[in-house]
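Please read the structure below before turning to the comments.
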Amino acid sequence: MDDLELGELWKQYNQKIERANILNLQSWVLQLQTFEYLQTEKARSRLNALSRWKKWMIALGLLWVLFLVFLVAGSLAWSKIFFVVSVAAILGFNIYAVLVYIYHTVLIAAIDNSESLMEVQEKTARLKTSTLQATRILFLQTPFYATFFWSFQWIRESPVSFWLITFPIALLLTVGAVWLYRNIHPGNSDKKWFKLLFSGKEWTSVIRAMDYLKEIEEYKKNNI
Amino acid sequence: MPAASNDPDFLGLILENKGIILKICHLYCPDRQAREDLTQEIIYQLWRSGKSYNREHRFSTWMYRVALNVAISFYRGGRKQIHALPLLSFHLEIEDDPDEGEVYKERALWLQACIKELKEFDRALILLYFEEKSYKEISEVLGISETNVATRISRIKERLRQCILNHQK
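Order-wise, the sequence lines are chains U and W. By the count of the numbering used here, the first sequence reaches residue 224 at its end, each step adding exactly one. By the count of the numbering used here, the second sequence reaches residue 393 at its end, each step adding exactly one.
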């Protein structure tokens, strides 16, 4: 079978498709008010997906940030230095994560379908995987949950329990958090620990988007 | 000059090129209901992206870009983000293929089946090739190099040939 025959088959297929009419397309397209209605409806339905989830995260994040600000403001004293520093650090990471989510909702609205397939599909997939970006940053706050209750008095009075138990735990959490921060990225998506960590339903679309990103990269390089 | 989406000429252009939408919907959607939903979504997205259309460029190329992006996202998302509108007066209706079940164009149907076995980007690529778009246009729509387009087209054609031959056996 040569190219001409393939082309001929396509023409036959084409005729078949073109005979399948869109029955009310003309009136549908020419009703401008339909588009206005669609715009509202689709804006609502898009919120159902990624954007709405991110907006919920932003709302929750802001509430959490406000609570932390309240905690820090109410504890400004030298005697509570470990508490203030720990909560302030947690606050910092959460503000950063909220800003990342706000930035992403802006990007979602800015996706332009008239760009090339690779650009649009890559941007969309990157947005989905960006949840990972916020997650890995939030992991960095973990050690501070093990330091907020420290005090100079406790270190002085119970040095053994502090240096042998509490401090090593915080150190271990720091090492773990930094390791996760450095290793949570699409390149490790096939690792066992990664799959275990992100095995929930909510991560399915993120994992799929990561595989899709790899596929797009390979396609651009002409490897698949 | 950018086109205004609510300009009747712009909507007329969409209407004139409805064949593009129909072909894409057939290649990416297995059933009629999904095709109607996708058709509606493509037209909406064309209207929404109207501002980005520059009249100095070919309308059909721009339309392919928007429609294929919407179709691929629809296909990959398992259509969960798109819901047909509840009001019947606004709902698009597409009739079934008039010769569905007929065998006289069997080979053309095999071609359709074989194209549907391809990955979504390859499907877009071969559609543009069969629609006689130049390698340059195809590379612009897909966002890959012309060399990549050329290599892929010959590979896909070979796959299609093999696939059709397998159906014939």
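Each residue gets a CB set at the ideal place from its N, CA and C atoms; glycine is no exception.
Interface residues of chain U around residue i at Cβ under 9 Å?
i	result
residue 393/W	The contacting residues do not exist; residue 393/W stays about 13 Å from chain U at best.
residue 362/W	Near residue 362/W there are no residues of chain U at all, since even the closest Cβ is about 10 Å away, more than 9 Å.
residue 381/W	3 and 6
residue 342/W	Those within 9 Å of residue 342/W in chain U number zero; the least Cβ separation is about 12 Å.
In three-state terms, what does DSSP make of residue i?
i	result
residue 278/W	strand
residue 16/U	helix
residue 357/W	coil
residue 368/W	coil
residue 191/U	coil
residue 200/U	coil
residue 3/U	helix
residue 218/U	helix
residue 343/W	coil
residue 381/W	helix
residue 205/U	helix
residue 307/W	A caution first: residue 307/W carries a pLDDT of 46, below 50, which makes its placement in the model too unreliable to give a value.
residue 161/U	helix
residue 185/U	coil
residue 393/W	coil
Taking residue i as the query, report the chain U residues whose CB atoms sit under 8 Å from its CB, ordered along the chain.
i	result
residue 284/W	Here the premise fails: no neighbours, minimum Cβ distance about 13 Å.
residue 331/W	9 and 12
residue 279/W	Those do not exist, as residue 279/W stays about 13 Å from chain U at its closest Cβ, beyond 8 Å.
residue 269/W	113
residue 237/W	Near residue 237/W there are no residues of chain U at all, since even the closest Cβ is about 10 Å away, more than 8 Å.
residue 384/W	6
What number of angstroms, rounded off, separates the C-alpha of residue i from the C-alpha of residue j?
i	j	result
residue 196/U	residue 188/U	12 Å
residue 346/W	residue 184/U	31 Å
residue 107/U	residue 77/U	41 Å
residue 131/U	residue 350/W	34 Å
residue 5/U	residue 53/U	50 Å
residue 389/W	residue 59/U	58 Å
residue 335/W	residue 275/W	36 Å
residue 301/W	residue 173/U	37 Å
residue 353/W	residue 251/W	14 Å
residue 92/U	residue 192/U	31 Å
residue 283/W	residue 178/U	51 Å
residue 244/W	residue 206/U	31 Å
residue 214/U	residue 208/U	10 Å
residue 14/U	residue 332/W	9 Å
residue 254/W	residue 295/W	12 Å
residue 212/W	residue 128/U	Examination of residue 212/W is not possible in this model, given that chain W is present from 225 through 393 alone.
residue 143/U	residue 175/U	9 Å
residue 259/W	residue 292/W	13 Å
residue 373/W	residue 7/U	18 Å
residue 278/W	residue 115/U	13 Å
residue 357/W	residue 268/W	25 Å
residue 122/U	residue 216/U	7 Å
residue 163/U	residue 79/U	20 Å
residue 124/U	residue 62/U	25 Å
residue 66/U	residue 55/U	16 Å
residue 10/U	residue 112/U	30 Å
residue 57/U	residue 202/U	13 Å
residue 363/W	residue 235/W	27 Å
residue 140/U	residue 181/U	7 Å
Mind listing the chain W neighbours of residue i? Cutoff is C-beta to C-beta under 7 Å, in chain order.
i	result
residue 120/U	293
residue 17/U	246, 247 and 250
residue 124/U	297
residue 96/U	In chain order: nothing, as chain W lies at least about 28 Å away.
Starting from the beta carbon of residue i, find every residue of chain U whose beta carbon is closer than 7 Å, and list them in chain order.
i	result
residue 372/W	222
residue 335/W	9, 10 and 13
I want to verify the contact list: residues of chain W whose CB lies under 9 Å from the CB of residue i, in sequence order.
i	result
residue 7/U	354 and 356
residue 4/U	Under the 9 Å cutoff, chain W gives no residues; its nearest Cβ is about 12 Å from residue 4/U.
What residues from chain W crowd round residue i, counting only those whose CB sits closer than 8 Å?
i	result
residue 211/U	Residues of chain W passing the Cβ test: none, with the nearest at roughly 11 Å.
residue 117/U	289, 292, 293, 296, 345, 348, 365, 366 and 367
residue 112/U	273 and 276
Which term fits residue i, buried or exposed, when burial requires 16 or more other beta carbons within 10 angstroms of its beta carbon?
i	result
residue 281/W	exposed
residue 169/U	exposed
residue 110/U	exposed
residue 160/U	exposed
residue 219/U	buried
residue 348/W	buried
residue 16/U	buried
residue 379/W	exposed
residue 86/U	buried
residue 157/U	exposed
residue 103/U	exposed
residue 285/U	Residue 285/U lies beyond the residue range present for chain U, which begins at 1 and ends at 224; the question has no answer from this structure.
Just to check, is the beta-carbon of residue i closer than 7 Å to a non-hydrogen atom of the ligand NAD?
i	result
residue 338/W	The ligand NAD is absent from the structure shown, which contains no ligand whatsoever.
Of all the alpha helix (DSSP H) runs that stay within the bounds of the region 68 to 152 of chain U, which reach a length of 4 or more residues? DSSP runs (the alpha helix (DSSP H)) wholly in the region 68 to 152 of chain U: 81 to 109 and 117 to 139.
Contained alpha helix (DSSP H) runs [length at least 4] in the region 240 to 304 of chain W, N- to C-terminal order: Listed in chain order, they are 242 to 252, 256 to 272 and 283 to 300.
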